[in-house]
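Colleague: So in the UniProt record's numbering, spot 496 of the sequence shown is number 496, and the numbers just go up one at a time.
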Amino acid sequence: MKKIITIFLTTLLVILFIFNLSIMSQNSTEILWDTWGVPHIYASNNISLFKAFGWSQTKSHGNLLLKLYGQARGKAAEYWGINYLESDQYVRTMGIPKRAQQWYEKQSPEMQTYLDSFAQGINDYIQQYPDQIEEDLKQVLPITGTDILGHFQRVIYFHFLTKPQEIKALQNLPSQAGSNAWAIAPQKALNNHSILLANPHLPWSDFYLWYEAHLTAPNLNLYGATLVGMPALAIGFNDNLGWTVTVNPIDNADIYKLKLQEENYQFNGETKSLKQEIESIKIRQPDGSFTELQIGIKQSIHGVIIEQQENIGYALRVAGLDRPESLEQLWNMGQAQNLNQFETALQQLQLPLFNIVYADKQDNIMYVFNGLIPIRSQGNWENWGGIISGDTSETLWENYHEYEQLPRIVNPENGWLQNTNDPPWTSTNPPMLNPEDFPPYFAPKYLGQVTDILRSQRSIELLTESDQLSLEDVINKKFSSKLLISDRLLDILISTTKALANPIGIEAAEVLDKWDRQTNPDSRGAVLFMLWATTLESKGLFSKPWNPETPLDTPTGLADINTAVAVLEGIAAQVELLYGSLDVPWGEVVRMRIGEQDVPARGGPGKLGSFQVLGIQAAQDKTFQVVFGDSFMMAVEFSDPIQAQGLTVYGNATQPNSPHRGDQLSLYQQGKMRPIWRDRPMVEQNLELEEIL
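#1: May I ask you to list the residues that DSSP assigns as paired with Lys259?
#2: Quick check on Val410: buried or exposed, where buried means 16 or more other Cβ atoms within 10 Å of its Cβ?
#3: Compare the Cα-Cα distances from Ala232 to each of Leu665, Leu330, Gln347 and Thr550 and report the closest residue.
#4: Using 10 angstroms around the beta-carbon of Asn268, count the other beta-carbons present and answer buried if the total reaches 16, otherwise exposed.
#5: If you draw a straight line from the alpha carbon of Ala443 to that of Ile375, how long is it in whole angstroms?
#6: Identify every residue that forms a DSSP beta bridge with Tyr265.
#7: Taking DSSP as the reference, what is the three-state secondary structure of Ser22?
#8: Sort out for me which residues DSSP pairs Asn419 with in a bridge.
#9: Does the beta-carbon of Asp679 have 16 or more other beta-carbons within 10 angstroms, so that it is buried, or is it exposed?
#10: What is the rounded straight-line gap between the Cα of Gly150 and the Cα of Ser44?
#11: Measuring CB atoms only, is the region 358-375 touching the region 212-227, in the sense that at least three cross pairs come out at less than 8 Å?
#12: In chain order, what residues of the same chain lie with their CB nearer than 6 Å to the CB of Val584, ignoring the 5 residues before and after it?
#13: Check each candidate in Thr623, Ile594, Asn364 and Arg455 and name the one with the smallest Cα separation from Gln187.
#14: Any contact of the region 576-592 with the region 452-459, i.e. 3+ C-beta pairs under 8 Å?
#15: Would DSSP call Tyr42 helix, strand or coil?
#16: Measuring straight from C-alpha to C-alpha, what distance separates Ala72 and Glu212?
#17: Excluding the 5 residues flanking Ile692 on each side, which residues of the same chain have their C-beta closer than 6 Å to its C-beta?
#18: DSSP state of Phe632, grouped into three classes?
#19: Confirm, please, whether the CB-CB distance from Phe50 to residue 696 is below 8 Å.
#20: Does the region 429-438 touch the region 482-491, meaning 3 or more C-beta pairs lie closer than 8 Å?
#21: Could you check which residue in Asp88, Ser300, Ser459 and Glu325 has the C-alpha nearest to that of Leu197?
#22: Beta-carbon separation of Arg593 and Gln625 under 8 Å?
#23: Based on DSSP bridge pairs, tell me the residues matched to Asp206.
#24: Residues bridged to Ile373 by DSSP?
#25: In the region 510-574, which residue ranges form an unbroken alpha helix (DSSP H) of at least 4 residues, counting only runs that do not cross its ends?
#26: Are the CB atoms of Ile235 and Thr246 within a distance shorter than 8 Å?
#27: May I have the straight-line CA-CA distance separating Trp425 from Pro548, to the nearest angstrom?
#28: Are the CB atoms of Leu353 and Leu161 nearer to each other than 8 Å?
#29: Would you identify the three-state DSSP class for Pro675, choosing helix, strand or coil?
#30: Give every residue of the same chain whose Cβ lies closer than 8 Å to the Cβ of Arg591, excluding the five residues on either side of it in the sequence, and list them in chain order.
#31: Give every residue of the same chain whose Cβ lies closer than 6 Å to the Cβ of Lys498, excluding the five residues on either side of it in the sequence, and list them in chain order.
Below, the structure is given as structure tokens:
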């Protein structure tokens, strides 16, 4: 009898143990880290999902996260010294910390909880692994939901829309943010499934870094990327649809010129008082003590005064500072299951900028020139890019155009949509959108007004040179490093140089004649041509400027043949002196360096017409180093099951001891993406680490 009772009790205990394990499993959150350092989060609810996402980002980017949040508070000089004073002055002048708190209070209760959970995940990770974080960064803790909103404002509103260097110059400068995006309709796709290509170009440092992740919870299976420190994916796809973004040439930040008289300004024939306040900034000294600097902040009805010159003031007005729900909109976009639900999320109009390029499993593709476009009573895009008279309400915008008024295309007849930061009119070819149908201040009227016109033309060329495209074709074309400018200039340069130049010029022409017109690691002649083209650019390259009558074939022709030959001779002499050979391989001179990784580069400047974009700057060792360009990318075919490949070029981590700093550079250098793992069995087959929260 005792034996039976013992067996019974033992069995009961085992059953209870298994039951408790089951309950714990149902309530726990798993993070499966794959061999590329991508977190695959499996959560039982959204609150746990956001917490795990904060934990994951901290494991991958903890030092960077704390630095970014400290800067967004406007307290970086207090934490780390005078080198951060300029940053703090800018953040405080723009009112980011105070507005972040106001935004937090305006979030829905649900979104407040999600922001708090994301912040809690950051704090919990550091509490559990304090040795993984640099000591002087920990003074920023604890992170709060307000910090996340402040960081979002600093990145999106005060670096994408308005940057500190623009403020000082009082003019709009070309943005360092770019992107390529394609959506292929089934009739253009080899396998009759829509295809999406996401390919943003951003700097390879600071808050511009992309973070790749896989988020799963009840009714959610979302894969994509966000900028480090953000709790919602900005580019992604789920079981039914996907989208990507590019920076659009939208004017929703303006500088107004005001007539000042002491602490007043003129407006509509009346004198109005400037609103004034004082901000105190602490500055940590090398001995650990603090000094304090007080800055005065003035505001007109237009916005904050960014510069004052005697009786003239300049006020900055930024669109969207009254729209605090951008992160919730991104979250809703990721949860959408069809085009109608996705557009319902877009109709919230919380994001101040970004083109949206979309594709789905129901055979739809879509392009939207998304953003908050002020309703203006006058003027065109060029007018509003300068300084605006602020003494009349005629120029002061208050409201924005509705979603239904934005340039938009769904399922074009040509079977594809593209954007390379160009105006909406070239999203198809032939055009389906006419600038005459929209207010003239919406966007540039002509393709010729954009910075990387040749990249836009190359994008269209790649899409139209094939009747049908497979997923593999899209990936191969994504890695096209041909410089389109070479088709416009190289033949005449070679023939003229051979006829007119001295011996080194003739030798240079022969190198260029053999060049493959690519910027691949082994491309010989690319260094010579790139240095020639960028040097001659300031003197004027083309004899025929961009022409709306031939929009895809101009600009073309050499403006000054004699100058072009002379510049080539000078560049050739420099290249031979620096590198010992005129046909030095591109990858020997242009390098990609992340952490301990140092590999030959593949890709070139977008302004020279490369679809594979890398921005470079001179390094100290006679080489050039990549600092900008291709970052996160993914190509998705909405088949059943979905086929997808991706790459985070510089790796998915910045923590000093992470093996994932730069571990994807070699794939990029070979012109390859890697499979995206979304099915759990595939994730488990490629598992590096399992964590249970």
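Don't be surprised by glycine CBs; every beta carbon is placed ideally from N, CA and C.
Modeller: Let me lay it out:
#1: Lys259 has Ile312 as its beta-bridge partners, per DSSP.
#2: exposed
#3: Comparing Cα-Cα distances from Ala232 to each of Leu665, Leu330, Gln347 and Thr550, the minimum goes to Leu330.
#4: exposed
#5: 13 Å
#6: The beta-bridge partner set that DSSP reports for Tyr265 consists of Leu260 and Lys272.
#7: Summary for Ser22: the model assigns pLDDT 41, below 50, so the residue's position carries little reliability; its value from the coordinates is reported in the next sentence. In this structure, Ser22 counts as helix in the three-state DSSP scheme.
#8: Ala181, per the DSSP bridge assignment.
#9: exposed
#10: In a straight line, the C-alpha of Gly150 is about 29 Å away from that of Ser44.
#11: With the cut-off at 8 Å, the region 358-375 and the region 212-227 do not touch.
#12: Val527
#13: Asn364
#14: no
#15: strand
#16: 22 Å
#17: Ser28 and Glu30
#18: Strand.
#19: Shown here, the chain extends from 1 to 693; a query on residue 696 therefore has no answer.
#20: no
#21: Ser459
#22: Yes, they are a contact pair.
#23: DSSP output for Asp206 lists no bridge partner at all.
#24: According to DSSP, Ile373 bridges with nothing at all.
#25: Here the runs fully enclosed are 526-537.
#26: no
#27: 12 Å
#28: yes
#29: strand
#30: If we look at Arg591 and ignore the five residues flanking it on each side, its Cβ neighbours are Asp598, Val599, Pro600, Ala601, Ala619, Thr623, Phe624, Gln625 and Val626.
#31: Cβ contact annotation for Lys498 (same chain, cutoff 6 Å, sequence separation greater than five): Ile506 and Ala509, in chain order.
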